[in-house]
Structures are given as C-alpha cells and as structure tokens.
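Counting in the working numbering, the sequence shown runs from -2 upward without gaps.
Here a beta-carbon is modelled for each residue, glycine too, at the ideal position from N, C-alpha and C.
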Amino acid sequence: MAGIGILSWEGGSLNRGDFLTFGCAVGIAVYILLLEWITPRHPTPPLVAVQLSVMALLSGTWALPQLATQAGEIVNHFGVLFYLGLVVTATPIWTQTLAQRWISSYEAALLYTLEPVFAAVFSFWLLGESLGVRGFLGAGFILIATIFSQSQPKLR
-2 MAGIGILSWE GGSLNRGDFL TFGCAVGIAV YILLLEWITP RHPTPPLVAV QLSVMALLSG
58 TWALPQLATQ AGEIVNHFGV LFYLGLVVTA TPIWTQTLAQ RWISSYEAAL LYTLEPVFAA
118 VFSFWLLGES LGVRGFLGAG FILIATIFSQ SQPKLR
C-alpha cells in the first residue's frame, strides 16, 4: 500500500475518490476470491457471459439518465466503444476467468498489484509523461513487495 501511495498520491487530504478507489480494491479482492472458488466448478463461457451481463446491466442502469443526451456521441464513437467493450472489458474478463482455473487467487492478486507500475511505464512510453523520484520510489516499493511476497514460504 505504501508503494501505491507514494506512486500515485498527489498530496492534500483524502477525498471521495480515494475512498472509492479503496472500495474498488476491496471489491476486486472479493471478485478474485470468488472466481478462484467458482471457476473449477463451471465452464468458462457461461461464467464470462454472466459476468459481462451483470456489468452491462449495472453500468447501463448507472448511465441510463445520460443516454438520451449522449445518443449522438455514442453513434459517433461506436468504434471506440466497441473496442472498449471487446478488448478492454470482455477479453480481460475471459482471460482471468480462464486463467484462474490454474492459478490461485493469491497469484492473480499479485498481477493486479503490478497494475500501477505498468500504468506508469506505459504512460511514460506512450504519452511521454515523466515519473519523477516519487514515482520511481513508489514503483520500487511495489516491485520489492511483489518479489518479497513470492520469496516467502507459502503457509497453506
């Protein structure tokens, strides 16, 4: 947590977004644990279909008040929305659901832990953003924690 805080905290006091981010982390942890439990018991395609259906229902309900005013933008940017739905949403859901048949929730969570590091690296490469001392320090903490957690004997 210290590494992520150092990497991404801009200073100031905690705000609503910080609490939402923490809540999302808890939700993802529960999701990973549930996926580990359910994937050996059911085939992948129906599990993916259920997950994507629930996501579509919840996000559609959330966006419903704005759909009428944004209809033109949706039509104009359908290709981008299709890419986001297929490549950025459906493909990772399918990949994780399939992979968690063979890897533990612990190992899946470690991959999620590295997400801020990958985001920082790609923003450097693709957008030309600078990382700075704090960014490198935060990324270092995350990498050290990941290596340390993998080097300890497992207590199972």
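Query - Inter-stretch contact (C-beta, 8 Å, three-pair minimum) for the stretch 89 to 102 and the stretch 34 to 45 - result: Touching, yes, given that three or more Cβ pairs across the two stretches are closer than 8 Å.
**Report entry** Alpha carbon of Y134 to alpha carbon of Y80, nearest angstrom
**Finding:** Position 137 of the sequence shown, counting from 1, holds the residue named residue 134. Position 83 of the sequence shown, counting from 1, holds the residue named residue 80. Contrary to the premise, residue 134 reads as Leu rather than Tyr in this sequence. Computed Cα separation, rounded: 34 Å.
Query raised in the report: Are Y109 and I25 touching if we call contact CB-CB under 8 Å?
Result: Within the sequence shown, numbered from 1, the residue matching residue 109 stands at position 112. Within the sequence shown, numbered from 1, the residue matching residue 25 stands at position 28. Yes; because the gap between Cβ atoms is below 8 Å, this pair is in contact.
Query raised in the report: So L111 packs on F121, CB below 8 Å; how close in whole Å?
Result: Locating residue 111 in the sequence shown gives position 114, where the first residue counts as 1. Locating residue 121 in the sequence shown gives position 124, where the first residue counts as 1. Not really, about 15 Å apart at Cβ, beyond 8 Å.
**Report entry** Selected residue, minimal CA-CA separation from Y28, among G132, A106, I71 and G125
**Finding:** If you number the sequence shown from 1, residue 28 lands on position 31. Comparing alpha-carbon positions, the option among G132, A106, I71 and G125 lying closest to Y28 turns out to be A106.
Query raised in the report: Taking all protein chains shown into account, do 16 or more other C-beta atoms lie within 10 angstroms of the C-beta of A136, making it buried, or fewer, making it exposed?
Result: If you number the sequence shown from 1, residue 136 lands on position 139. Answer is buried; the Cβ neighbour count reaches 16.
Query raised in the report: Using DSSP with H/G/I as helix, E/B as strand and the rest coil, what is N73?
Result: Taking the sequence shown and counting its residues from 1, one reaches residue 73 at position 76. The DSSP-derived three-state label of N73 is helix.
**Report entry** Sub-8 Å separation of L61 and I71 beta-carbons
**Finding:** In the sequence shown, counting from the first residue as 1, residue 61 sits at position 64. In the sequence shown, counting from the first residue as 1, residue 71 sits at position 74. With respect to I71, L61 sits apart: the two C-beta atoms are not nearer than 8 Å.
Requested in this report: Tell me whether L32 is buried or exposed, calling it buried when 16 or more other Cβ atoms sit within 10 Å of its Cβ.
Outcome: Here residue 32 is taken as the residue at index 35 of the sequence shown, counted from 1. It is buried - the Cβ of L32 has at least 16 other Cβ atoms within 10 Å.
Query raised in the report: Using DSSP with H/G/I as helix, E/B as strand and the rest coil, what is S10?
Result: The residue given as residue 10 occupies position 13 in the sequence shown. Coil at S10, not helix or strand.
**Report entry** L30 versus G20: straight-line alpha-carbon distance, rounded
**Finding:** Numbered from 1 along the sequence shown, position 33 holds the residue referred to as residue 30. Numbered from 1 along the sequence shown, position 23 holds the residue referred to as residue 20. A straight line joining the alpha-carbon of L30 with that of G20 spans about 16 Å.
Query - Alpha-carbon to alpha-carbon, G132 and L124 - result: Against the sequence shown, residue 124 aligns to sequence position 127. Against the sequence shown, residue 132 aligns to sequence position 135. Computed Cα separation, rounded: 15 Å.
Requested in this report: Using the Cα positions of T143 and Q63, report the straight-line distance between them to the nearest angstrom.
Outcome: Position 146 of the sequence shown, counted from the start, is the residue given in the question as residue 143. Position 66 of the sequence shown, counted from the start, is the residue given in the question as residue 63. CA-CA distance, T143 to Q63, rounds to 41 Å.
Report task. Determine the burial state of A117: buried for a count of at least 16 other Cβ atoms within 10 Å of its Cβ, exposed for fewer. Result -> Looking up residue 117 in the sequence shown gives position 120. Residue burial is scored here from C-beta neighbours: A117 has at least 16 other C-beta atoms within 10 angstroms and is therefore classed as buried.
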